[in-house]
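A quick write-up on the structure given underneath.
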Amino acid sequence: MGTMAVETWMVHAFCATIFCIGLVGILIRRNILVVLMCIELMLNAVNLTFVSFSKQLDHLGGQMSVFFIITVAAAESAVGLGLVIALFRTLRTVDTDQIQLLKE
Amino acid sequence: MNSPAVFADVSPYFFFIFAGMAILFSTMVVFKKNPASSAFSLVLVFFAFAGIYAAMDAHLVAALQILVYAGAIMVLFVFVIMLLSSDVPSLDMKRSGLMTRIAAVSAVALLLVGLIYVFKNNPSLLPKGPHSPEKIAQVGGNTRAISQLMFSDYLLPFELTSVLLLVGIVGSVALAKRKMGGTK
Numbered sequence: 030m031g032t033m034a035v036e037t038w039m040v041h042a043f044c045a046t047i048f049c050i051g052l053v054g055i056l057i058r059r060n061i062l063v064v065l066m067c068i069e070l071m072l073n074a075v076n077l078t079f080v081s082f083s084k085q086l087d088h089l090g091g092q093m094s095v096f097f098i099i100t101v102a103a104a105e106s107a108v109g110l111g112l113v114i115a116l117f118r119t120l121r122t123v124d125t126d127q128i129q130l131l132k133e
Numbered sequence: 017m018n019s020p021a022v023f024a025d026v027s028p029y030f031f032f033i034f035a036g037m038a039i040l041f042s043t044m045v046v047f048k049k050n051p052a053s054s055a056f057s058l059v060l061v062f063f064a065f066a067g068i069y070a071a072m073d074a075h076l077v078a079a080l081q082i083l084v085y086a087g088a089i090m091v092l093f094v095f096v097i098m099l100l101s102s103d104v105p106s107l108d109m110k111r112s113g114l115m116t117r118i119a120a121v122s123a124v125a126l127l128l129v130g131l132i133y134v135f136k137n138n139p140s141l142l143p144k145g146p147h148s149p150e151k152i153a154q155v156g157g158n159t160r161a162i163s164q165l166m167f168s169d170y171l172l173p174f175e176l177t178s179v180l181l182l183v184g185i186v187g188s189v190a191l192a193k194r195k196m197g198g199t200k
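Chains A and B, in that order, are what the protein sequence lines are.
Okay, so the first sequence: first residue is 30 according to my numbering, each after it adds one.
Okay, so the second sequence: first residue is 17 according to my numbering, each after it adds one.
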């Protein structure tokens, strides 16, 4: 065993890092497109966690879950971007601070 | 430690290069001012993830990652970005206050440290499942094993996926159409 073997916790720590980067993006960005991209990033981190557990536990159910998550992500981004376009047509902005229709 | 050599067949150089690439480009997704740069960084993150999936013998997932994420979803994103805000490099990060940013980053960093601590000190003790590498090779490869599973144990979720995609199509058409009726 070399000194630089990939260990289980490293893979999971890497997934957690990507997830947290996506979370930071959602918290500090105001551009709704970037927020959607960060959601995709977090979904990807979860997918990699599923795949690594699938390999670790010798069970393909994890990879099946990834298949379903990818489908849900595709549907989510199609509808989400449709909403963004509808919002932009109404408000002329993609900034989450400017979306305050319920305030008035 | 129950089994230290789970990822022994994953080349460390391969994994660390792709992991470093993914972390670098995902920070660029968050901190680039122009949404188009974020989108292209995200494409590179998806490719790095696909490389890691392939290294972990998840070949179908790697192919789907390239086709669906880097192909379909990112084209949609880039299309919308070009449609909406190609002229304005958004300076939105500057406007959220410094305290807010520091609070967000430190809270998430705390979460990350906690997660890594848990992962490092608590090895998974779950029992092994039925799909060992030998079994998968005997069935005829990862894709064949997954498709057999998909049309037997996971048939109902698979069929529900088609309903979900139908809802997605109808939803996006309805969003576009309602808008056209509204402007009239």
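Backbone N, C-alpha and C define an ideal beta-carbon position, used for all residues, glycine too.
Please classify residue i: is it buried, with 16 or more other beta-carbons within 10 angstroms of its beta-carbon, or exposed?
{"i": "Asp73(B)", "result": "buried"}
{"i": "Thr46(A)", "result": "buried"}
{"i": "Arg59(A)", "result": "buried"}
Starting from residue i and walking both ways along the alpha helix (DSSP H), at which residues does that stretch end?
{"i": "Ala119(B)", "result": "114–137"}
{"i": "Gly90(A)", "result": "90–120"}
{"i": "Phe93(B)", "result": "90–100"}
{"i": "Ser168(B)", "result": "First-last for Ser168(B): undefined, no H or E at that position."}
{"i": "Ala86(B)", "result": "Careful: Ala86(B) lies outside any alpha helix (DSSP H) and carries neither H nor E."}
{"i": "Ile68(A)", "result": "61–85"}
{"i": "Gln154(B)", "result": "149–155"}
{"i": "Ile33(B)", "result": "28–47"}
{"i": "Pro51(B)", "result": "51–71"}
Can you name the residues of chain A whose CB is closer than 7 Å to the CB of residue i?
{"i": "Leu127(B)", "result": "Cys49"}
{"i": "Ser54(B)", "result": "Val63, Met66"}
{"i": "Ser188(B)", "result": "Ala107, Val108, Gly111"}
{"i": "Gly87(B)", "result": "Per Cβ cutoff of 7 Å: no residues; Gly87(B) is ~10 Å from chain A at best."}
{"i": "Gly184(B)", "result": "Ala104, Ala107, Val108"}
Quick one: list the residues of chain B neighbouring residue i, beta-carbon separation under 7 Å, in chain order.
{"i": "Val75(A)", "result": "What Val75(A) touches in chain B: nothing, since even the nearest Cβ is about 11 Å away."}
{"i": "Leu89(A)", "result": "His147, Ala161, Ile162, Leu165"}
{"i": "Leu52(A)", "result": "Val124"}
Which residues in chain A have a C-beta closer than 8 Å to the C-beta of residue i? List them in chain order.
{"i": "Arg117(B)", "result": "Ile57"}
{"i": "Met37(B)", "result": "Neighbours of Met37(B) on chain A: none; closest Cβ ~11 Å, over 8 Å."}
Kindly indicate if chain A contains any beta-carbon less than 7 Å away from that of residue i.
{"i": "Lys200(B)", "result": "In this predicted model, Lys200(B) has a pLDDT of only 40, less than 50, meaning its place in the structure is not dependable; the value taken from the coordinates is given anyway. It does not; no Cβ of chain A falls within 7 Å."}
{"i": "Val155(B)", "result": "no"}
{"i": "His147(B)", "result": "yes"}
{"i": "Asn18(B)", "result": "The predicted model places Asn18(B) with a pLDDT of 46, which falls under 50 and marks its position as unreliable, so this point remains unresolved."}
{"i": "Lys136(B)", "result": "yes"}
Does any residue of chain B bring its CB to less than 7 Å from the CB of residue i?
{"i": "Leu93(A)", "result": "The question names Leu, but residue 93(A) in the sequence shown is Met. Closer than 7 Å: yes."}
{"i": "Thr100(A)", "result": "yes"}
{"i": "Met33(A)", "result": "yes"}
{"i": "Thr78(A)", "result": "no"}
{"i": "Leu120(A)", "result": "no"}
{"i": "Gln127(A)", "result": "no"}
Cβ of residue i less than 7 Å from any chain C Cβ?
{"i": "Ile162(B)", "result": "The chain inventory of the structure shown lacks chain C, comprising the protein chains A and B."}
Kindly give me the distance between the Cβ atoms of residue i and residue j, rounded to whole angstroms, as I take these residues to be in contact under 8 Å.
{"i": "Phe135(B)", "j": "Ala42(A)", "result": "6 Å"}
{"i": "Ala104(A)", "j": "Gly184(B)", "result": "3 Å"}
{"i": "Asp87(A)", "j": "His147(B)", "result": "5 Å"}
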